[in-house]
Each structure stands twice: as structure tokens, then as C-alpha cells.
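**Student:** Okay, handing you the structure first.
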Amino acid sequence: MTDNLDHLSKYFKQTLKPIVRTNVLECRVCEEVFTIDGVKVPRLLHCGHTVCHSCLLRLRPCMTDQQFLLCPFDRQPTGISQNNICNLKKNFALIELLERLEQSNSEKLSILERERLQSNQTCDEDEAHTAVLYCTICMTHLCENCDSIIHSSKTLSKHKRVPLSEKPKEKPKCPVHTTHVAEFTCTQEGCHNSLMCYLCKDYGRHSTHKLALVEVEAENIRKSIVTALQKMTQFMESMRDTAHRIGMFALLILTLFFRIFQFLIENYNCCQLRNSTCKSVYKFSLLETVIQELEGWAIEDARQRVRQHFEELRTLLAEQENAAISCIETETRGRLCALRQQQQDLTTTRSQVADVCIQCESILDSEDWKLLNSATKVKEVLTTLEQQQQHYAQLGPDFLTPESSIPIIFSRDNRVHIGTKIDMRVVILGLDGAGKTSILSAMRGITLSGPPIPTIGFNVESLEYKNLVFTLWDVGGQQKFRPLWKHYYHNTQAVIFVVDASDRSRFEEAQNELSKIINERELKDALFLIYANKQDITGCASVEELTDILCLQKLCCGRAWHIQGSSLVTNACGSTQGLDWLTQQLGAHETLYTIPTIS
288 MTDNLDHLSK YFKQTLKPIV RTNVLECRVC EEVFTIDGVK VPRLLHCGHT
338 VCHSCLLRLR PCMTDQQFLL CPFDRQPTGI SQNNICNLKK NFALIELLER
388 LEQSNSEKLS ILERERLQSN QTCDEDEAHT AVLYCTICMT HLCENCDSII
438 HSSKTLSKHK RVPLSEKPKE KPKCPVHTTH VAEFTCTQEG CHNSLMCYLC
488 KDYGRHSTHK LALVEVEAEN IRKSIVTALQ KMTQFMESMR DTAHRIGMFA
538 LLILTLFFRI FQFLIENYNC CQLRNSTCKS VYKFSLLETV IQELEGWAIE
588 DARQRVRQHF EELRTLLAEQ ENAAISCIET ETRGRLCALR QQQQDLTTTR
638 SQVADVCIQC ESILDSEDWK LLNSATKVKE VLTTLEQQQQ HYAQLGPDFL
688 TPESSIPIIF SRDNRVHIGT KIDMRVVILG LDGAGKTSIL SAMRGITLSG
738 PPIPTIGFNV ESLEYKNLVF TLWDVGGQQK FRPLWKHYYH NTQAVIFVVD
788 ASDRSRFEEA QNELSKIINE RELKDALFLI YANKQDITGC ASVEELTDIL
838 CLQKLCCGRA WHIQGSSLVT NACGSTQGLD WLTQQLGAHE TLYTIPTIS
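To get this note's numbering, take the position in the sequence shown, counting from 1, and add 287.
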């Protein structure tokens, strides 16, 4: 027993030497770092000290006759049940701290790995390595190895190092006063030395120039670049779609050309072998069917010449065969060459735009002062791209949308209608008592036997006029019904607004209501027909006077509008004259118009 106590005394003297440890996560007995589990897991003694599991196991043989352990630091006893060290509680606070440190180290490693993948900056010490850290004191870019070597000393280890993505922005120096930071930029035209400090701003040659903060001006340039990039992206997508349609259209032309060529060969052989005029006429009828397919390509000149040759083919089919083939081939090859050239130009332009987009994106991520130095170059590039985009926008629809064609009907508002009639939705509005219902009856050719009853809610009538079918919605004009007008605006193609030209006291009220209607977003493309009603009453405002009173020239600027005088007594046809104007504006014509066949 005495030998054991002596051994413990020597051990404790060795252990209790005044050694200062900077790392609190080490066991103060074995000087090894604690772990979350295993033999180095930290366990608590009753006195509050923490010792690793392996050190506690080494203490046990010294006390074989006792059921407690003595703390190696303050000699306080800690009882153990059944002589089992595992019954001692773990230091969970220390374990949680270890877990957080481990998580922090893993996050740091993941950040450095991400920086290594994204960085293209070389290490300032060894250019063969990729920099992932930036020292804010040394102002150098370093890799992990060089950073550990350079900052290994006690003094340099206090330097702050951050990942490259968190590198503080570089502040440029004034080119004149190199000890001062350039905080301002000159926006004066013709001034090439744009960066300056506050001394140049207040006392230098820039004191009378237009100035701005570097951050503000750089942000404005960034916004312009972002806007230009969005436009260029849309521009490239439009060019890509157009080039695809041109390629499909050229393939379609080649297919039909070979069909015509095959027909001409068969027709020539038929004439040579059988010498039958009836057979030629039969073949000619088949050829006309093939020619009808050519209408979809809008090659009007080729179609006319082909028809001319086929008229002569009735008598001289064999002699005109070569001329017809030559004509079709020349026109087709010319169109194909033009299409291929246009497709190549679009591809080249799109490639140039893509290069500029990449260049703009790289400039966009640069420092503010570098961005300002590149402002002139950026403006030149954006101007060139804008010119290319304007040139692209000026191209004709035949170039941008090569499509096949069949006869259809289009209205003037670019709505497609199949059939002989076009349906149009028209809303009739105005103040109460203006004569909306009377004008609607006159349009339908109905003569009212007595004064009209004020409209409560709405009336809807269908009117067929020329090649249009109008659906007329007559909505009540009382004050309580006016907030409900907006529910009738959807899909409305024309608005008829009726004004009582004899009631001058309500002109201002009518102007206010008309202004609200014109400013509605759903009616931005609608036509406006204003009826100056009750022209038969003495003292009423004329059409010209009412135009000035309502300020129609200014109110309807940029819109299609018309004012029409009407009177059920002296000018019963005024209502139909307004319909004539609507028919002219909305009216359709039958034509060969392109309908897509290429998806």
C-alpha cells in the first residue's frame, strides 16, 4: 500500500507542474485532444475537473482496494460504482463544443474547396497554385500551403485572412494626389481623367465639372449593362427562332421543287412515248394542283412565270419543259441562297452578341473604378448592339417569319377570323340621357314610337353590317352604374361614347368620364367613336366645337378615334356613318396570308 501511495505522489507531482496550456480542449493529464467518443472522451469528476477516459483507466490500478478515484489536480475523491469508469458522466458541454469546432472546420474546408473551384487567381507566392485566401494586412492572395508557411509566426498569425469571395473592394487612389482615395468621378463630356479625390473635386480642374460618387456612377453603369444583357438575350432568342424557321422553310422549298421536277420528267416521258394531247391536259391538271402548294411561299413572281409557261405547255409542252425547270430552279436557288445567307448572318450576329454578353458579364463583376474606366468601351459596345437590334427589328415579316399561306380573313386589329363574317364586340357608354339607346335603335333600323326609357343595367343587341357582326353592349349611364363599366371592357375592340351636344352644363362631366375610359389598360388597343348627339336642338355644340371642348385631339392622342354628329330628326343616317367608320377600321379583306405550318 505504501508503494502505491509513493507512486501516486510522484505521478501527481509530475502532473501538477505549472504548465499553461493554450488549448482548453486537451486533457491536462496526457496533453492529448479530447474526442467526441472513444478512449479520449471527456468525463467529469465530482470535483468538476475533466479527465479523458484513458487517463482514468490508468489511475485505477493504483487503487485496487478502494471504490473511488482521487482527482489528479485537487485530490478530491470521486466514487465509482462496481469499479466501472464508464459510470462516470461525460462532459457534454465540452462534447458539444467539440462538435461545433468540428462542424466549423468542415465548413471552412468546404468554403476553401468552393473558392478553389471558382477562383482563377494565382497565388502571389507560388503561381503554380490557386489562391483561395486573401490577407487583409499583407494584401496578398495566398493558397492554403503558402498561408500556413507565411503566417506561421506568432506575430503574423494575428493577420486577418478571408476567402477570396469576401475580399474587400479595392479603393483606387487619386492619380494626382496618390495618398488620397478617389471617391468621385467626373461625368463631364470630354473629360478623360474621371477618377479624383476630394481635393481635385473642390480645388482642382474638376471644380466646375459635373461630378458623381464612384459607387453611384458604377451602379448606374451596372444597371445599363444588366438591361442591355436582358435585351440581348431576347434578341438572341429571336434570332435563333428565326434562323430555325428559315432552315425549315428552305427544306420545304427543296421538297416541293423536287416534286415539280419529278412531275415535269414524267410529263415529258408521257408526251414522247404516247404523243397524247389528252394525257398532257390530264397531267397539266395535276400540275395545277402542285402549283397551288407554291402559294404558301409567297413567291409571286415564280408562280406567275410558271403559270405562263404552263399555258404554253398545252401546245408546246416538250419545248417549254426546260424553260419551266430553269425558271423554277433559278427562283428557288435564289431564294434558298438568300435564306442561307440570312441564316448565316443571324448565326454570326448571335455569336457576336453572345461574346459581348460574356464580356459585359465579366465587366459587371469588376471593381467600381475599373468599371468606370471601361464605361466608354461599354457604351460603344452597347451602341453597336443597339444598332444591330434596330436593323433586326426593321427586317420584313417575310424574312423573320417564313410561313406557308392559305386564303384567310384578317381584321385591321390583327385578329384572325375563319369564315365570311367577323364578330366584333362594341360597348356603348355615355352619361344618362345622352341618347345611347336611341342611337342603338337607329343602327338597327328601328324607329322608336315614344321617348326611350332610361337603361337600367344593360342591353345587348347583335347587328350584322356589311361583313361584320357587331355585338353591341348598351350599358346604363346613371352615376350608380358607372363603376360597373369596367366589367364590360374585356375583349372589347371598340367603344362608342355618346355625348348630349345640347346639354353644355354636363360637358365637363362627360370629359372626365371619357378620360377615365381612355386610360383603362384593357382598352389600350380599342377604337373610340364619339357621337355628338341631338344636333337638331337649337344652341347645341357643333362637332368641331365639341372636339375642342372635350380636348379630343389631346385626350385621344396616339389612338384611332372619330367624332360623328347625329340626330334622329335631321340626320338619321349619322348612326350608320359611324358604323361605316368602324367597318373601315375593323373591316377585313380576304387575302393570301401566312399561316404557320412549321412548328
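Each residue gets a CB set at the ideal place from its N, CA and C atoms; glycine is no exception.
Quick one: measure Cβ to Cβ for A797 and C827, integer angstroms, because I've assumed they're closer than 8 Å.
**Tutor:** 13 Å between Cβ atoms; not a contact.
**Student:** To the nearest angstrom, report how far apart F360 and C334 are at their CA atoms.
**Tutor:** 10 Å
**Student:** Alpha carbons only, please: which of M483, R448, L750 is nearest the one belonging to T465?
**Tutor:** M483
**Student:** In whole angstroms, what separates the C-alpha of I709 from that of R808?
**Tutor:** If I take the Cα positions, the gap works out to 24 Å.
**Student:** Give the DSSP-derived three-state secondary structure of E313 in the structure shown.
**Tutor:** strand
**Student:** Under 8 Å, with one C-beta from each stretch per pair, do the stretch 817–825 and the stretch 749–767 reach the 3-pair mark?
**Tutor:** No, the stretch 817–825 is not in contact with the stretch 749–767.
**Student:** Which of helix, strand or coil does DSSP assign to I508?
**Tutor:** helix
**Student:** Report yes if the CB atom of Q408 is closer than 7 Å to the CB atom of A415, and no otherwise.
**Tutor:** no
**Student:** If we ignore side chains and look at the alpha-carbon of each, how far apart do C843 and S853 end up?
**Tutor:** 20 Å
**Student:** So for L837, helix, strand or coil by DSSP?
**Tutor:** coil
**Student:** Out of A662, F815, I382, L356, which one is the CA nearest neighbour of V328?
**Tutor:** The shortest Cα separation from V328 among A662, F815, I382, L356 belongs to I382.
**Student:** Taking the Cβ atom as the reference point for each residue, do A781 and A729 lie within a distance shorter than 7 Å?
**Tutor:** no
**Student:** Is the stretch 467–479 in contact with the stretch 446–455, if contact means three or more CB pairs nearer than 8 Å?
**Tutor:** no
**Student:** According to DSSP, what are the bridge partners of R330?
**Tutor:** V338, K377
**Student:** Please specify which runs of the alpha helix (DSSP H), each continuous and at least 4 residues long, are wholly inside the stretch 699–769, giving them in chain order.
**Tutor:** 723–730
**Student:** Tell me, to the nearest whole angstrom, how far the beta carbon of V665 is from that of I650; I am working on the premise that it is less than 8 Å.
**Tutor:** Contact between V665 and I650 is confirmed by a C-beta separation of about 6 Å, below the 8 Å threshold.
**Student:** Kindly indicate which three-state DSSP category D489 falls into: helix, strand or coil?
**Tutor:** Here D489 sits in helix by DSSP.
**Student:** Please confirm whether H428 has its beta-carbon closer than 7 Å to some beta-carbon of chain D.
**Tutor:** No chain D appears in this structure, which consists of one protein chain only.
**Student:** Excluding five sequence neighbours on each side, which residues of the same chain lie with their C-beta closer than 8 Å to the C-beta of E389?
**Tutor:** I323
**Student:** Between which residues of its own chain and P455 is the CB-CB distance below 7 Å, once the five residues before and five after are set aside?
**Tutor:** T423
**Student:** If you follow the alpha helix (DSSP H) that N778 is in, where does it begin and where does it stop?
**Tutor:** Looking at the DSSP string, N778 is not in any alpha helix (DSSP H), and its letter there is neither H nor E.
**Student:** The beta strand (DSSP E) spanning C422 covers which residue range?
**Tutor:** 420–422
**Student:** May I ask you to verify whether the stretch 515–535 touches the stretch 484–492, counting CB pairs closer than 8 Å and requiring at least 3?
**Tutor:** no
**Student:** In the DSSP assignment, find the alpha helix (DSSP H) that holds N371 and state where it starts and stops.
**Tutor:** Per DSSP, N371 belongs to no alpha helix (DSSP H) and is neither H nor E.
**Student:** From what residue to what residue does the alpha helix (DSSP H) around I850 run?
**Tutor:** Note, I850: premise wrong, no alpha helix (DSSP H); beta strand (DSSP E) at 848–852.
**Student:** Cα separation between E394 and C317?
**Tutor:** Straight-line Cα distance between these residues: approximately 29 Å.
**Student:** Pop quiz: Q521 and H496 are said to be a contact at Cβ under 8 Å. What is the actual Cβ separation, rounded to whole angstroms?
**Tutor:** At roughly 37 Å, the Cβ-Cβ gap does not stay under 8 Å, so Q521 and H496 are not in contact.
**Student:** Could you spell out the range, first to last residue, of the beta strand (DSSP E) harbouring C473?
**Tutor:** Unbroken beta strand (DSSP E) run through C473: 471–473.
**Student:** Are the CB atoms of G764 and L718 within a distance shorter than 7 Å?
**Tutor:** yes
**Student:** With a 10 Å radius around its C-beta and 16 neighbouring C-beta atoms as the bar for buried, classify F355 as buried or exposed.
**Tutor:** exposed
**Student:** Taking Cβ positions, are W656 and P462 nearer each other than 7 Å?
**Tutor:** Contact flag unset, no.
**Student:** Since L659 and A505 should fall inside the 8 Å C-beta cutoff, what is the C-beta to C-beta distance between them, to a whole number of angstroms?
**Tutor:** 6 Å
**Student:** Helix, strand or coil for L385 per DSSP?
**Tutor:** helix
**Student:** Report the residue from V713, Q549, S341, H336 whose alpha carbon sits nearest the alpha carbon of R362.
**Tutor:** Closest in alpha carbon position to R362, among V713, Q549, S341, H336, is H336.
**Student:** Write down the C-beta distance between N378 and R330 rounded to the nearest angstrom, noting that I regard them as a contact closer than 8 Å.
**Tutor:** With a beta-carbon spacing of about 7 Å, N378 and R330 fall inside the 8 Å limit used to define contacts.
**Student:** Is it buried or exposed, K300, if we count other Cβ atoms within 10 angstroms and call 16 or more buried?
**Tutor:** Bear in mind that the predicted position of K300 carries a pLDDT of just 44, short of 50, making it unreliable; the figure below should be weighed with that in mind. When all chains shown are included, K300 counts as exposed.
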